[in-house]
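*Asks:*
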Amino acid sequence: MTSKNTICLWFDGTAVDAANFYAATFPDSAVGAIYRAPGDYPDGKQGNVLTVEFTVAGIPCIGLNGGPQFKHSEAFSFQIATDDQAETDRLWNAVVGNGGQESACGWCKDRWGLSWQITPRALIEAIADPDPAAAKRAFDAMMTMGKIDIAAIEAARSGRSRSSDA
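Just so it is clear: in the sequence shown, position 115 is 118 by this note's numbering, and no numbers are missing.
(1) Counting only the same chain and skipping the five closest in sequence on each side, list residues whose C-beta sits under 8 Å from that of A60.
(2) Taking contact to mean 3 or more Cβ pairs, one atom from each stretch, closer than 8 Å, check whether the stretch 35-50 and the stretch 58-76 are in contact.
(3) For the alpha helix (DSSP H) that K7 lies in, which residues bound it at each end?
(4) Whole angstroms is fine: what's the gap from D143's alpha carbon to T122's?
(5) DSSP beta-bridge partners for I37?
(6) Just how far apart, CA to CA, sit A40 and V55?
(7) Given S167, which residues of its chain have a CB within under 6 Å of its CB, disregarding the five upstream and five downstream residues?
(8) What residue does the alpha helix (DSSP H) around G66 start on, and which one ends it?
(9) Using only alpha-carbon positions, find the residue among Y25, D15 and K139 that is nearest to I126.
(10) Determine, using beta-carbon pairs with one atom in the stretch 131-138 and one in the stretch 113-121, whether at least three such pairs fall under 8 Å.
(11) Using the Cβ count rule (16 or more neighbours within 10 Å means buried), how would you classify C11?
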């Protein structure tokens with residue numbers, strides 16, 4: 004491990020599965036070293052996978068197979084910036100379609116209970132618009148969404164409805 008700061012995520016025996024999924028799904032992600040327990044521990048035996056090093060979108064992480072005691076919560080999430088609707092759809096569908104669940108405003112949860120914000124850059128730009136009315140329209144549109152619809156955000160930002168775009 005070369006990073007001075009690494010995010011440690013707790014899993015119930017599925018850290019390698021999660022790391023493999025993240026590496027296959029998110030750009031600039033990979034699985035690194037897998038370490039086996041040198042002795043028995045409360046939720047495992049000597050030789051079981053204890054930790055796995057991995058990177059998610061350039062962020063160094065370690066998955067710890069610590070057992071069922073602690074669960075992920077929405078208080079921690081990965082926010083993944085997307086460049087277009089195709090990337091937004093691909094990542095959202097990968098997380099939700101692999102046993103995850105949808106939430107609101109671009110949030111979803113993977114099958115391990117970890118929260119993700121699949122956030123188009125266009126959304127960030129829209130809610131930071133120097134025109135407060137445009138920013139509010141974009142924000143209000145976002146508040147009605149699960150997965151973010153970039154065309155609807157841009158239409159709201161500009162003051163047009165999507166139905167008038169046709």
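Even for Gly, the Cβ is constructed at its ideal location relative to N, Cα and C.
All values reported here derive from a predicted model rather than from experimental measurement.
*Replies:* Let's see:
(1) Reading the sequence shown from its first residue, position 57 is the one you call residue 60. Hits under 8 Å: F29, P30, D31, S32, F81 and I83.
(2) In short, these stretches touch, since the Cβ pair count reaches three.
(3) On the sequence shown, position 4 is the one that residue 7 refers to. Neither: K7 is in no alpha helix (DSSP H) and is coded neither H nor E.
(4) Against the sequence shown, residue 143 aligns to sequence position 140. Against the sequence shown, residue 122 aligns to sequence position 119. Answer to the nearest angstrom: the Cα atoms are 15 Å apart.
(5) Position 34 of the sequence shown, counted from the first residue, corresponds to residue 37. Checking the DSSP bridge columns, you'll see I37 partnered with V55.
(6) The count along the sequence shown starts at 1 and reaches residue 40 at position 37. The count along the sequence shown starts at 1 and reaches residue 55 at position 52. In a straight line, the C-alpha of A40 is about 11 Å away from that of V55.
(7) The count along the sequence shown starts at 1 and reaches residue 167 at position 164. The predicted model places S167 with a pLDDT of 44, which falls under 50 and marks its position as unreliable; any figure quoted below should be read in that light. Correct list: empty, nothing qualifies.
(8) Here residue 66 refers to the residue found at position 63 of the sequence shown. No alpha helix (DSSP H) contains G66, which is instead part of the beta strand (DSSP E) from I62 to N68.
(9) Taking the sequence shown and counting its residues from 1, the one referred to as residue 126 is at position 123. Note that residue 126 is Leu in the sequence shown, not Ile. Between L126 and the set Y25, D15 and K139, the nearest pair of CA atoms involves K139.
(10) Fewer than three Cβ pairs drawn from the stretch 131-138 and the stretch 113-121 lie within less than 8 Å of each other, which leaves the two stretches out of contact.
(11) In the sequence shown, counting from the first residue as 1, residue 11 sits at position 8. Label assigned to C11: exposed.
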